[in-house]
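Novice: Protein chains in written order, with this note's numbering: chain A, 1 to 485; chain B, 486 to 929.
Glycine residues also receive a C-beta, built at the ideal position from the N, C-alpha and C atoms.
Before I ask anything, let me first share the structure, which is written out below as structure tokens.
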Amino acid sequence: MNRQIVKLFGFIVVLFGILVAFTSYWSVFDAKNLKAQEANKRPLLEQQQIRRGRILAADGTVIAKSVAKGHGDALRFVRRYPEGALFGHPIGYSFVRYGDSEFEQSHNDELIGEESEFGSILDQLTGRKQEGDDIVTNLDLNAQRVALEGLEAAGFGAVVAIEPSTGEVKVMASNKPYDPNRVPYELSKLNRNNAETPLLNRATQGLYPPGSTFKVVTAAAGLESGTITPETAFAAPSPLEVEGSPLENDFNTSYPPISLDTALTNSVNTWFGQLGQKVGQDALFETMEKFGFNSTPPIDLPEDEVYNSGVYEHEHTLSRNDPVDLARVAIGQERLLATPLQIAMVAAAVANGGKLMKPQIWNRVVDSDGRVVKRLDPSTYSEPVSAKTAAELTTAMEGVVSEGTGTNAAIPGVAVAGKTGTAETPYNKSCGGGEEENQAWFMGFAPADNPKIAIAASVECTEQFGNDVAAPIFRAVAEAILNGE
Amino acid sequence: MRSSARNRELVALVPVALLLTAGFAAVFAQEGSRLGNLSAIYGAYFFAVCLATHIYLRIRLPNADPYLFPLMALLTAFGLVMVYRIDESLARDQANWFVLGLVLFALTIQFLRDYEVLERFRYTIAAIGLLLLLAPRLPGIGQQVNGAYLGVKLGPLQFQPAEFSKIAIVIFLASYLREHREVLIVGARRVLGVTLPPLKHFGPMLVVWGASMFMLVFIRDLGSSLMFFAAFLALLYVATGRFSFVVIGMAMFVVGAWFFASTVPHVHDRVEIWLHPYNDPTGNGYQILQSIFAQADGGLFGKGFGQGLITIPGTNAALLPAAQTDTIYSLIVNELGLFGACGVILIYLLIAARGFKIALIAGDGFSKLLATGLTAVFSIQAFVIIGGVTRVIPLTGVTLPFVSYGGSSIVANFVLLALLLLISDRARREAVEPAGRELALGMT
């Protein structure tokens, strides 16, 4: 019988081995998946017991904080947003029952003080309770307010302001705004509202035809590829037959041979259309991609809440090998769509001598003892153009504001470089299908000789032009930031 | 020899008492308010009780296996601390049962020194075992828990008869198989290449199969049914050495279980929940899903003792249902991590190793089979409940021996331990007495 007894013991060992294997699977190998299950409320219940860190504006104003409710085992924390709708975008919301979004989601680990497993063992040994860290953002309270008020007067749209030398995001405003404090009460209503889409951050998720603001990218590609110099001049007749249909300038004006400055100042469509064709699709797409098109913008927001800019076919952006109407892409039409964030990145790159810094909303992480745990280290995303090209583009963009299509952006005593854009969006369903609807843009930076701020402002569904509705918002936000320093 | 075995037992009990002290200290530290010499007092009580048991063993069973009692005391200590962390008053019950269990342990050793006497009453014992199983369905005393009939209530006394019944049935099987193993082997016939046991002697074996199926249908206790039948097959295999008998038995169980799973709603539900827990995450599937979610939160090292969530904060709603009984293992994984859980499994494995070792060195067939059966039923019980909460098999309401809250379980398992030690004491004494064989056998 002894042989059988030993075999039986072997069988028991195998059975217990199976138990160890299954326990390992649930507790370690499949743990991540299990924690993400809808039916699993544990991660949320535990987070609810952690005092989530605060989110602060650059000047220390509290944007989001956690307040305690209940005592003892029933203690839990609930999120409050003292500034209401002002920072609904880009801060987002965080509620146990309703989930989280935007900045609250992308910086969740710091806000709940999540550490490595080793760190949590240390905490257990030392009896330290897990506490969230505060995050100080780069957001400028006053400028954000000016931007949102400007948008609310003009129409739905977005404003993004970036410090060119660091990538610090000073303003990110989206109209229609929402108050994150209301999310627990009316999330379904906020979601349902199709015309206003208040939960949509138009700065990062609004895909709009960029219109003439894109001519700066085309010009950059022309200069950078050596196709033109600032002195290169050629004629720009109107209308010009392109791909079987006529392309026209404003008021159907034909131009004799002109160079970049004049063409940009007057936003001459047929000049840039020809330039796009001369540059070629490879060089134009290369420059676009260096400015950030066709990729997820490198900002500290959840990737699925930041849309790519590019030439869209269905849900995807086209690459340099796909057939496009190059002349119309070059003037920001065709199927080209861009977010206000992307256009602000173009302005910021030109302003920073051709170097595009990664746009970041956070500035530093501060622990509960007031120590700075982590600080933003500005990093370069790409170098789309040389310093020389950037300077040449700046000169041309100054002309736009001083004597061209963007005079409403001018600030007394400060040199401003910029570019307007007015993309016609007739019969657009989201605008109500009107015939005269435009997407109005202004992008630029100031001061032109020593840029402190680069801004893109975009207003959807307006019958007015970029210079009429977007340039004044640019000017107000730029003044708020420059005066605030 | 005799003193060295007991000395080893004594030495092994010290860390167990220290572990219990440290465990209570951890609970107190967690709760923060009360201070910790209470934990030292509990530790001292526990050690005193163990010491008394140890002295009793020194007198009555000097040669018995030195590790089994400390290992089981370790599980009990672990269980006490875990239950205390869940609910203080439950732990007080548990401590009382621990003492009651030790009293029954001592009585068993006192009066069953010549445990062969059990053989004489084997049919009586089998009848008592079956009656015990049947008791929960008897009107007036039976109790239904979660659709299964597991409990009996006699006045103030309330217990789970299956815990005691398992010992009775193992005794019967060991005795029966000891007597009939020869015939079962010799009389076996090959039919179509399959070795079949002789029908005449297999009748009583069919009764066991019938009892398992009966449990499945009338008691609706899938876990106990599985446990009993597995122990039966283990014994049958050891007694006859015929693997084919095991295969036939398994086939019979599977066919029977499959038949009843498709006809008896309770059994069917259990299997459905096991296969598709996400179909009803807030209803039927809640317990097994929460059990697994609790384990997912544990990771390698666990959340720390006393840190796991058992109820939804601020409410009495269970986040880990039946944490003190069925899902106590999930709580262990949650708080002590994969490493802690492996430690617990290792203790059960060590107990199994010691139990089978007793069976190996036992001199006579009945002792061998009895030790094998008791060890097998104990190990399989641990497998059934841990396997249940880790979704290896359908989750059923079986206790985790010595760890789960439950008086019947603790008391019955101490009787089981007493029987194992009785067998061990005799086997080792017999092994020692012929001079000079001690070294050759490598006694430990």
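1) For A/Val477 versus A/Ala470, is the C-beta spacing smaller than 7 angstroms?
2) Contact defined as beta carbons within less than 8 angstroms: I believe A/Tyr93 pairs with A/Val183. What is the distance between those atoms, to the nearest angstrom?
3) Check B/His753 in the structure and name its three-state DSSP category.
4) In this structure, how does DSSP classify B/Ala490 when only helix, strand and coil are distinguished?
5) For A/Phe11, which three-state DSSP category applies?
6) Which runs of the alpha helix (DSSP H) fall wholly inside the segment 251–292 of chain A and span at least 4 residues, in chain order?
7) With a threshold of 8 angstroms, are at least 3 pairs of Cβ atoms found where one atom belongs to the segment 231–242 of chain A and the other to the segment 372–384 of chain A?
8) Go ahead and label A/Asn483 buried or exposed: buried means 16 or more other beta carbons lie within 10 angstroms of its beta carbon, across all protein chains shown.
9) Is it true that the segment 798–817 of chain B meets the segment 39–59 of chain A, where meeting means three or more beta-carbon pairs spaced less than 8 angstroms apart?
10) Could you tell me whether the Cβ of B/Gly783 comes closer than 7 angstroms to any Cβ of chain A?
11) In chain order, what residues of the segment 831–853 of chain B put their CB closer than 8 angstroms to some CB of chain A?
12) Let me confirm a value: B/Met712 is counted as buried when at least 16 other C-beta atoms fall within 10 Å, else exposed. Which label applies?
13) What's the C-alpha gap between A/Ala58 and A/Gly167?
14) Using a C-beta to C-beta distance shorter than 7 angstroms, which residues of chain B count as neighbours of A/Trp26?
15) May I ask which residues mark the beginning and end of the beta strand (DSSP E) holding A/Pro340?
16) By the criterion of Cβ-Cβ separation under 8 angstroms, what are the contact partners of A/Glu131 in chain B?
17) Three Cβ pairs or more, each shorter than 8 angstroms: is that satisfied between the segment 567–584 of chain B and the segment 596–609 of chain B?
18) Using C-beta distances below 8 angstroms, list every residue in its chain close to B/Gly879, excluding the 5 sequence neighbours before and after it, in chain order.
19) Against chain A, with Cβ distances strictly below 7 angstroms, would B/Ile870 count as a contact?
20) Using CA atoms only, rank isn't needed, just tell me which of A/Glu383, A/Ala446, A/Asn33, A/Thr287 is closest to A/Arg320.
21) Mind pulling the chain B residues with CB within less than 7 angstroms of A/Asn321?
22) Using beta-carbon positions only, say whether A/Asn181 and A/Tyr81 come within less than 7 angstroms of one another.
23) Hey, how far is the Cα of B/Gly822 from the Cα of A/Val20?
24) Can you say whether A/Lys358 is buried or exposed, counting buried as having 16 or more other CB atoms within 10 angstroms of its CB?
25) What's the C-alpha gap between B/Ala781 and A/Ile18?
26) So, A/Ala415 versus A/Phe442, is the Cβ gap smaller than 7 angstroms?
27) Could you pull out every unbroken beta strand (DSSP E) segment of at least 3 residues lying fully inside the segment 593–651 of chain B, listed in chain order?
28) Could you work out which residues of chain A lie near B/Thr881, taking near to mean beta carbons separated by less than 8 angstroms?
29) Among all the DSSP beta bridges, which residues are the ones paired with A/Lys419?
30) How big is the Cα-Cα spacing for A/Leu336 and A/Gln277?
31) Using only alpha-carbon positions, find the residue among A/Asp282, A/Val311, A/Asn138 that is nearest to A/Ser295.
32) Taking a contact to mean a Cβ-Cβ separation below 7 angstroms, would you say A/Asn266 touches A/Gly404 in this structure?
33) So, does the CB of B/Leu774 fall closer than 7 angstroms to a CB anywhere in chain A?
34) Is it buried or exposed for A/Ala235, if we count other Cβ within 10 angstroms and need 16 for buried?
35) Could you pull the start and end residues of the beta strand (DSSP E) that A/Thr380 belongs to?
36) Tell me whether A/Asn191 is buried or exposed, calling it buried when 16 or more other Cβ atoms sit within 10 Å of its Cβ.
Specialist: Here's the rundown:
1) For the pair A/Val477 and A/Ala470, the CB atoms are not nearer than the 7 angstroms cut-off.
2) Indeed they touch by this definition, with Cβ atoms about 5 angstroms apart.
3) Residue state, collapsed to three classes: helix.
4) Three-state result, B/Ala490: helix.
5) A/Phe11 falls in the helix class under three-state DSSP.
6) Runs found: 260–265, 269–279, 281–291.
7) The segment 231–242 of chain A makes no contact with the segment 372–384 of chain A; the number of CB pairs closer than 8 angstroms stays below 3.
8) Looking at its Cβ environment, which holds fewer than 16 other Cβ atoms inside 10 Å, A/Asn483 is exposed.
9) Yes, the segment 798–817 of chain B is in contact with the segment 39–59 of chain A.
10) For B/Gly783, the answer is yes, since a Cβ of chain A falls inside 7 angstroms of its Cβ.
11) Those residues of the segment 831–853 of chain B that come within reach of chain A (Cβ to Cβ, closer than 8 angstroms) are Tyr833, Leu834, Ala837, Ala838, Phe841, Ala844, Leu845, Gly850, Lys853.
12) Answer is buried; the Cβ neighbour count reaches 16.
13) Looking at the two C-alpha atoms, the distance is approximately 14 angstroms.
14) The CB of A/Trp26 comes closer than 7 angstroms to the CB of Ile777, Gln780, Ala781, Thr875 in chain B, given here in chain order.
15) Per DSSP, A/Pro340 belongs to no beta strand (DSSP E); it is in the alpha helix (DSSP H), 340–351.
16) Within chain B, no residue has its CB atom less than 8 angstroms from the CB of A/Glu131, the nearest being about 15 angstroms off.
17) Segments in contact, no.
18) What sits at residue 879 of chain B in the sequence shown is Pro, not Gly. Non-local beta-carbon contacts of B/Pro879 in its own chain, meaning distances under 8 angstroms to residues more than five positions away in sequence, involve Leu707, Arg755, Val756, Ile758, Trp759, Gly873 in chain order.
19) When Cβ-Cβ separations below 7 angstroms define contact, B/Ile870 makes no contact with chain A.
20) Per the Cα distances, A/Thr287.
21) Chain B residues near A/Asn321: none, gap ~44 angstroms exceeds 7 angstroms.
22) Here A/Asn181 is near A/Tyr81, since their CB atoms are less than 7 angstroms apart.
23) Each residue's alpha carbon lies about 12 angstroms from the other.
24) With 16 or more Cβ atoms within 10 Å of its Cβ, A/Lys358 is classed as buried.
25) Roughly 17 angstroms between the two C-alpha positions.
26) A distance of 7 angstroms or more separates the beta carbons of A/Ala415 and A/Phe442.
27) The segment 593–651 of chain B contains these whole beta strand (DSSP E) runs: 627–630, 633–639, 642–644.
28) Near B/Thr881 there are no residues of chain A at all, since even the closest Cβ is about 15 angstroms away, more than 8 angstroms.
29) In the DSSP output, where bridge partners are listed per residue, A/Lys419 has A/Met443.
30) The alpha-carbon atoms of A/Leu336 and A/Gln277 are separated by roughly 16 angstroms.
31) The residue with the shortest Cα to Cα distance from A/Ser295 is A/Val311.
32) Taking 7 angstroms as the cut-off, the beta carbon of A/Asn266 is found closer than this to the beta carbon of A/Gly404.
33) Yes, B/Leu774 counts as interfacial toward chain A.
34) So A/Ala235 ends up on the exposed side.
35) 380–382 is the extent of the beta strand (DSSP E) around A/Thr380.
36) An exposed status is given to A/Asn191, since fewer than 16 other beta-carbon atoms sit within 10 Å of its beta-carbon.
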